[in-house]
């Protein structure tokens, strides 16, 4: 009898956790997203799906912009992160763990503080731009803050380790002997990389994209601290609707839309990559 | 069947879900949905009955402790006034700088108070705006017992007793007031700014900072058009919104700021910006090249107010602390640090007496402080100042939408 129940007992905490912290909040949010009312008189369920069309009508710009910024930052992260991960995995020698530690070191500082220090670093007459301007390398009116570059740069910087680590793990697992074997079979170094190492590391890239694209797209902090007048992202809008306007239905409808768009995007991406089972690919990277 | 060693069973527990599972999960979610479908209850509160208020206060006892939730930089580092309060009354205090924004604070407090749970603070400080109005309307603020506020009644300036947003100080007493005007960096701006039109001057393209808060920026849009926000209508808001949108689309505005405008203007990222008086004053004393003006077309005066949130554990102690801060000595000590407008005019006399005892730079700084119309405004100054537009809940949605379309493009 005891033996029969063991797997259920063991699985219970996980299911319980999911039920309390995922299913119930999501259900509550779904419910709120079709309610109408205001914070003083309360909200009632009216099944008004027009909340969705209204919200999308008003905020489609910010939603598309977020996907664009998130996507762009993710691509930049792959371009920067892959070589770093490759270098640590294959050339890091016995200092690998130190390099990984250095990579994670900035993460001992809070996310918001890191972003604010970027603001100081990139100030118009700050350490970086001020110096370049003094040398006459930049025109005096030049600025990075309050531009798209600053926001995408901030996103890239803040999420980069979450791209590097999974790629590193995937590359680390590549047996150097398969590369040797490829070379024994007359593959050039490039061909060995392209046909052996790269395919083996793709699950890592995939996991990295999952771990960075989703939070980067939804992030409200970078655009608020580093952005200008036309860099508002969907995360800022959700925050404003929820906390400032106390318009819980619109905020919930937007959150759901964002979730749906991200999920669809990820499944399309998985298909394009030829990964049959998205989550499995992420888990067995 | 032995499930532990039954591989098929284990696989079933761990493998990916099939379509039938999807339906099952959907069913489960639907059940949860039904649970959540009851909606968020409204809790509009009726005005308090005098008897009920009396009964409430008659039942409360002093607990010799108080938790004070306030904004950053609103209390001297050494917590002087609070220490003196402790020495005088034996009530120990906990001081927390947890409020950074009214909307955010209300957004976090609302679900807690709605559920009837205590916030864990005995005094909170909120600006006279829609959120404070919500706190009062929803019955989240405990009506004050004026019999226990002798210092407030004796020392608060008359202007601070006639608050449109809380007649008769039923729920709140002012902590400090401040003025929203224009700050500019004298390193980059070589003229004397006097008019609000400078914020719309193409000369400063990309170097103008505006505030993100709908009420703050809304007021400035209205001043620019010669509209009095206190008497404004929806048509006025729309005109102001259009004016501000024009300003943005012409590339004049660099960014819509929260509190970070002050760093931006003192670093020179923006040359001029909407600003709060006390922030600029603190920077000036730190030697930074910033100057503050109230535009001739008008500026905004706002008040941060102390209130006791519903469910507070130590209301009597909270009331005692509120009242203590209305002793001129305590108010003067606070004012010297905060540098906004104190609600206690007698604090000025104390500071003037203190000037005589000081020497050198300290003396000069304090003289500047006392002499400043931003800290002790004259009647003529008050005449230029307006409060925020008073909004009903329905109007608030319209108002916010008009100005958020500008600030959150």
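Chains as they are written, first to last, in the working numbering: chain S, 8 to 292; chain R, -6 to 402.
Every residue, glycine too, gets a C-beta built ideally from N, C-alpha and C.
Since we're looking at a predicted model, the values are computed, not measured.
Contacts around residue 374(R), its chain only, beta-carbon distance under 6 Å, and the 5 residues preceding and following it disregarded: Working through the second chain from its first residue, we reach residue 374(R) at position 381. For residue 374(R), where only same-chain residues beyond five positions count, the Cβ hits under 6 Å are 366.
Hey, residue 176(R) and residue 268(R) are a contact pair by Cβ (cut 8 Å); roughly how many whole angstroms apart? Locating residue 176(R) in the second chain gives position 183, where the first residue counts as 1. Locating residue 268(R) in the second chain gives position 275, where the first residue counts as 1. Correct: roughly 3 Å between the Cβ atoms.
Is there a Cβ from chain S that is less than 7 Å from the Cβ of residue 113(R)? Taking the second chain and counting its residues from 1, one reaches residue 113(R) at position 120. For residue 113(R), the answer is no, since every Cβ of chain S falls outside 7 Å of its Cβ.
Whose CA, out of 75(R), 93(R), 96(R), 94(R), lies closest to the CA of residue 86(R)? The count along the second chain starts at 1 and reaches residue 86(R) at position 93. The option with the nearest alpha carbon to residue 86(R) is 75(R).
With a threshold of 16 other CB atoms inside 10 Å of the CB of residue 134(S), please say whether the residue is buried or exposed. To locate residue 134(S), count along the first chain from 1; it is residue 127. Burial call: exposed.
How far does the beta strand (DSSP E) with residue 66(S) in it extend, from its first residue to its last? Counting from 1 along the first chain, the entry for residue 66(S) is found at position 59. Taken as a continuous stretch (DSSP letters only), residue 66(S) belongs to no beta strand (DSSP E), being part of the alpha helix (DSSP H) at 57 to 98.
Taking Cβ-Cβ distances shorter than 7 Å, what residues in chain S pair up with residue 100(R)? In the second chain, residue 100(R) corresponds to position 107, counting from 1. Here the neighbours are 249, 250, 253.
In the stretch 269 to 290 of chain R, which residues sit with their C-beta less than 7 Å from some C-beta in chain S, listed in chain order? none
For residue 235(S) versus residue 260(R), is the C-beta spacing smaller than 7 Å? Within the first chain, the letter at position 228 stands for residue 235(S). Within the second chain, the letter at position 267 stands for residue 260(R). No, the pair does not count as a contact, with Cβ atoms beyond the cut-off.
With a cut-off of 7 Å, does the C-beta of residue 25(R) fall near any C-beta of chain S? Residue 25(R) sits at position 32 when you count from the first residue of the second chain. Confidence at residue 25(R) is low in this model, with a pLDDT of 45, below 50, so the placement of that residue should be treated as unreliable; the coordinate-derived value is given next. Cβ-Cβ to chain S under 7 Å: yes for residue 25(R).
Residue 131(S) at chain R interface by Cβ criterion, 7 Å: Numbered from 1 along the first chain, position 124 holds the residue referred to as residue 131(S). By this cut-off, residue 131(S) is an interface position.
In the DSSP assignment, find the unbroken alpha helix (DSSP H) run with residue 328(R) in it and report its ends. In the second chain, residue 328(R) corresponds to position 335, counting from 1. Segment 321 to 331, the alpha helix (DSSP H) holding residue 328(R).
Just mark residue 265(S) as buried or exposed, buried being the case when its beta carbon has 16 or more other beta carbons within 10 Å. Working through the first chain from its first residue, we reach residue 265(S) at position 258. Classification for residue 265(S): buried.
Spatial distance of residue 186(S) from residue 172(S) (CA atoms): For the purposes of this step, residue 186(S) is identified with residue 179 of the first chain, where counting begins at 1. For the purposes of this step, residue 172(S) is identified with residue 165 of the first chain, where counting begins at 1. Spanning the alpha carbons of residue 186(S) and residue 172(S) requires a straight line of approximately 21 Å.
Can you tell which of 126(R), 402(R), 265(R), 148(R) has the C-alpha that lies nearest to the C-alpha of residue 338(R)? Position 345 of the second chain holds residue 338(R). Checking every option, the nearest Cα to that of residue 338(R) belongs to 148(R).
Beta carbon proximity, residue 15(R) to chain S, threshold 7 Å: Reading the second chain from its first residue, position 22 is the one you call residue 15(R). Only weak support exists for where residue 15(R) lies, its pLDDT of 45 falling under 50; the coordinates are left without a value.
Give the interface partners of residue 246(R) over in chain S, defined as CB-CB distance under 7 Å, in chain order. As a first step, residue 246(R) is located in the second chain; it is residue number 253 there, counting from the start. The answer, in chain order, is 236.
How far does the alpha helix (DSSP H) with residue 292(R) in it extend, from its first residue to its last? Stepping through the second chain from its first residue, residue 292(R) is reached at position 299. Not the alpha helix (DSSP H): residue 292(R) falls in the beta strand (DSSP E), residues 292 to 300.
May I ask you to list the residues that DSSP assigns as paired with residue 90(R)? Numbered from 1 along the second chain, position 97 holds the residue referred to as residue 90(R). Per the DSSP secondary-structure output, residue 90(R) pairs in a beta bridge with 63(R).
Who are the near neighbours of residue 64(R) in its chain, counting only those whose CB is closer than 8 Å to its CB and skipping five residues on each side? Taking the first residue of the second chain as position 1, residue 64(R) is located at position 71. So the qualifying residues of the chain are 90, 92, 93, 118, 297.
Using only the alpha-carbon positions, how far apart do residue 10(S) and residue 22(S) sit? Here residue 10(S) refers to the residue found at position 3 when the first chain is read from its first residue. Here residue 22(S) refers to the residue found at position 15 when the first chain is read from its first residue. When rounded, the distance between both Cα atoms is 19 Å.
Give the secondary structure of residue 262(S) by DSSP, where H, G and I count as helix, E and B as strand, and everything else as coil. As a first step, residue 262(S) is located in the first chain; it is residue number 255 there, counting from the start. Residue state, collapsed to three classes: helix.
Please name the residue, chosen from 56(S), 31(S), 35(S), that lies closest to residue 43(S) on a Cα-to-Cα basis. Here residue 43(S) refers to the residue found at position 36 when the first chain is read from its first residue. Of the candidates 56(S), 31(S), 35(S), the one whose C-alpha sits nearest the C-alpha of residue 43(S) is 56(S).
Reducing DSSP to helix, strand and coil, say where residue 117(R) ends up. Here residue 117(R) refers to the residue found at position 124 of the second chain. Here residue 117(R) sits in strand by DSSP.
Check distances from the C-beta atoms of the stretch 133 to 166 of chain S to those of chain R and list, in chain order, the residues that come in under 9 Å. 133, 148, 150, 152, 153
Give me whichever residues DSSP pairs with residue 170(R) in a beta bridge. The residue labelled residue 170(R) in the question sits at position 177 within the second chain. DSSP, once it has assigned bridges, lists 296(R), 334(R) as partnering residue 170(R).
Is it the case that the Cβ atoms of residue 188(R) and residue 288(R) are separated by a distance below 7 Å? Counted from its first residue, the second chain places residue 188(R) at position 195. Counted from its first residue, the second chain places residue 288(R) at position 295. Yes, they are a contact pair.
Rounded separation between residue 235(R) and residue 369(R) - CA only: Here residue 235(R) refers to the residue found at position 242 when the second chain is read from its first residue. Here residue 369(R) refers to the residue found at position 376 when the second chain is read from its first residue. Distance between the alpha carbons of residue 235(R) and residue 369(R) is about 35 Å.
Run through DSSP, which three-state label would residue 232(S) get? Your numbering for residue 232(S) matches position 225 in the first chain. Helix.
Please report the distance separating the alpha-carbon of residue 155(S) from that of residue 169(R). The sequence position of residue 155(S) within the first chain is 148, counting from 1. The sequence position of residue 169(R) within the second chain is 176, counting from 1. Near 39 Å, if we compare the C-alpha coordinates of residue 169(R) and residue 155(S).
For residue 266(R), which beta-bridge partners are listed by DSSP? Here residue 266(R) refers to the residue found at position 273 of the second chain. For residue 266(R), the beta-bridge partners assigned by DSSP are 176(R), 202(R).
Neighbour list for residue 45(S) in chain R, Cβ cutoff strictly below 9 Å: Mapped onto the first chain, residue 45(S) falls at position 38. Under the 9 Å cutoff, chain R gives 35, 386, 387, 389, 390.
Using a Cβ-Cβ cut-off of 7 Å, state whether residue 261(R) counts as contacting chain S. Locating residue 261(R) in the second chain gives position 268, counting from the first residue. When Cβ-Cβ separations below 7 Å define contact, residue 261(R) makes contact with chain S.
Judging by CA-CA distance, which residue of 347(R), 290(R), 203(R) is the nearest neighbour of residue 250(R)? Within the second chain, numbered from 1, the residue matching residue 250(R) stands at position 257. The shortest C-alpha separation from residue 250(R) is found at 203(R).
Please classify residue 142(S) as buried or exposed, where buried requires at least 16 other C-beta atoms within 10 Å of its C-beta. The count along the first chain starts at 1 and reaches residue 142(S) at position 135. Burial call: exposed.
With distance defined between alpha-carbon atoms, name the residue in 104(R), 139(R), 81(R), 273(R) nearest to residue 51(R). On the second chain, residue 51(R) is found 58 positions in, with the first residue counted as 1. When each option's Cα is compared against that of residue 51(R), the closest is 139(R).
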